[in-house]
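K.L.:
This is the structure I have questions about; it appears just below.
Protein chains in written order, with our numbering: chain H, 1023 to 1274; chain R, 1023 to 1274.
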């Protein structure tokens, strides 16, 4: 009899932000598969349960292994960071099983993604429409990414950038910043959050004109405001529009 | 001494998807303020703690009351559904306190938003870049909303629509569907999720050409795929791009 795969987003990393439904699926698993950094973040959960880990960029290998174990009848938990449904492992498993409607049961469980976590630490930047773009061109052609940056900026979307830059991969970020500066005010507020809700957390507020000079890496999420976004008492806030209809007073 | 406000997203509604960090803030509060439907969903948490509720569309009143109570020295929990930072209460409170850097401490806590919840039930539609648009024109001019729909469709974004339609407000949805059909294949997969993770949950897969005829309401999230999105074994999947670099095999 075939087993099952629960694809779990463990949230930003601190167990305080792992939902009970996702924790339960980890506790019920017979084997937990994941990138070793994420397995370390959940090492206190079901410590007796066997783990199978692999390194960064070995997602295909991990998905294949999860499918193999489930094919052997195991209840498998496959772990992503954040939300497994946002640039996570959910799509890969469903794609690999796609042409083959096996008896393997697959469930995708929601989690708190980097955009949810970063926004909360910055203030309230996502009160109006926003776009989410990964700047990694490993799997998406750079021209497609940059075209989207242009459309998002023209549309007045707040923009969340995942995977903004790595040591080797700096061009997408630099070119995205150039495109943003063509369409947006250089003073537009930008929030930069590294390692949200983890020990190494850093929260910075900068102007769009200063963004390209920042030293940032893959563990960082960047949120670029739109033309209405403000910095209020050190928080990044995009008004929802209540001020058009209501007297919001002075808050006192 | 001034108090504090914790702005909490309670997730889709089932307590299984409320993160421990958010639950803790509810348990530590001296008073919990929120829309009465959301307070009902968390009635089992800290049942002794006083509640103050009001009806739909009274967000400004609730935010003002939370600020008033915190000004009196209380530890206040202010409750949104989903993620309080995505079309939730976080922005309103920070706006109202904006010109007035009072001693009131405000923290925004992340949650599982409707987009995270709906995507997990549909499969993996958000594996690539996506845009998030609210079709409510109560606070945003309709022309701005429709302009964004056009840019998102031209950019090849997957699109998540919040607040797609109410009994009285049908025009934004109908016009958004028309715009999408101008730019996208009428067979584009669309996922429609009502009341994710609640008793009344409904998950439907339709084609873009059939979307405008659906009877849907405010408790529904709509995710429109892009040109690469497929329906695989009944799940909506937007490939991340691994198939460009790897042989994904047949999953067996």
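Every residue, glycine too, gets a C-beta built ideally from N, C-alpha and C. The model shown is predicted, which means the values in this text are computed figures rather than measured ones.
#1: Measure the CB-CB distance between residue 1193 of chain R and residue 1164 of chain R and report whether it falls below 9 angstroms.
#2: Applying the criterion that 16 or more other CB atoms from any shown protein chain within 10 Å of the CB defines a buried residue, is residue 1127 of chain R buried or exposed?
#3: Are the segment 1025-1033 of chain R and the segment 1246-1260 of chain H touching by the rule of at least three beta carbon pairs closer than 8 angstroms?
#4: Taking DSSP's pairing of strands, which residues face residue 1131 of chain H in a bridge?
#5: If you reduce the DSSP assignment to three classes, tell me which class residue 1268 of chain H lands in.
#6: Interface residues of chain R around residue 973 of chain H at Cβ under 8 angstroms?
#7: Would a check of beta-carbon distances place residue 1195 of chain H closer than 9 angstroms to chain R?
#8: Tell me the DSSP secondary structure of residue 1199 of chain R in three-state form.
#9: Anything in chain R within Cβ reach of residue 1040 of chain H, meaning under 8 angstroms, just list it in chain order.
#10: Residue 1147 of chain R CB to nearest chain H CB: under 9 angstroms?
#11: In the segment 1069-1094 of chain H, which residues sit with their C-beta less than 8 angstroms from some C-beta in chain R, listed in chain order?
#12: Looking only at DSSP bridge pairs, what is residue 1258 of chain H linked to?
#13: Should residue 1138 of chain H be labelled buried (16 or more other beta-carbon atoms within 10 Å of its own) or exposed?
#14: Helix, strand or coil: how does DSSP classify residue 1243 of chain R here?
#15: In terms of residue numbering, what span does the beta strand (DSSP E) encompassing residue 1057 of chain H cover?
#16: What are the boundary residues of the alpha helix (DSSP H) that includes residue 1040 of chain R?
#17: Along the chain, which unbroken stretches of the beta strand (DSSP E) at least 3 residues long are found entirely within the segment 1168-1235 of chain R?
#18: What number of angstroms, rounded off, separates the C-alpha of residue 1040 of chain H from the C-alpha of residue 1188 of chain R?
#19: With a cut-off of 8 angstroms, do at least 3 Cβ pairs link the segment 1098-1105 of chain R to the segment 1058-1074 of chain R?
#20: Just curious, the beta strand (DSSP E) that residue 1099 of chain R is in, first and last residue?
#21: When burial is assigned at 16 or more other CB atoms within 10 Å of the CB, is residue 1059 of chain R buried or exposed?
P.N.:
Let's see:
#1: yes
#2: exposed
#3: no
#4: H/1030
#5: coil
#6: Residue 973 of chain H cannot be examined here, being either before or after the span of chain H that is shown, 1023 to 1274.
#7: no
#8: helix
#9: 1041 and 1042
#10: yes
#11: 1081, 1082, 1086, 1089 and 1093
#12: H/1145 and H/1253
#13: buried
#14: strand
#15: 1053-1057
#16: No alpha helix (DSSP H) holds residue 1040 of chain R; DSSP gives it neither H nor E.
#17: 1180-1184, 1211-1216 and 1224-1229
#18: 33 angstroms
#19: yes
#20: 1097-1102
#21: exposed
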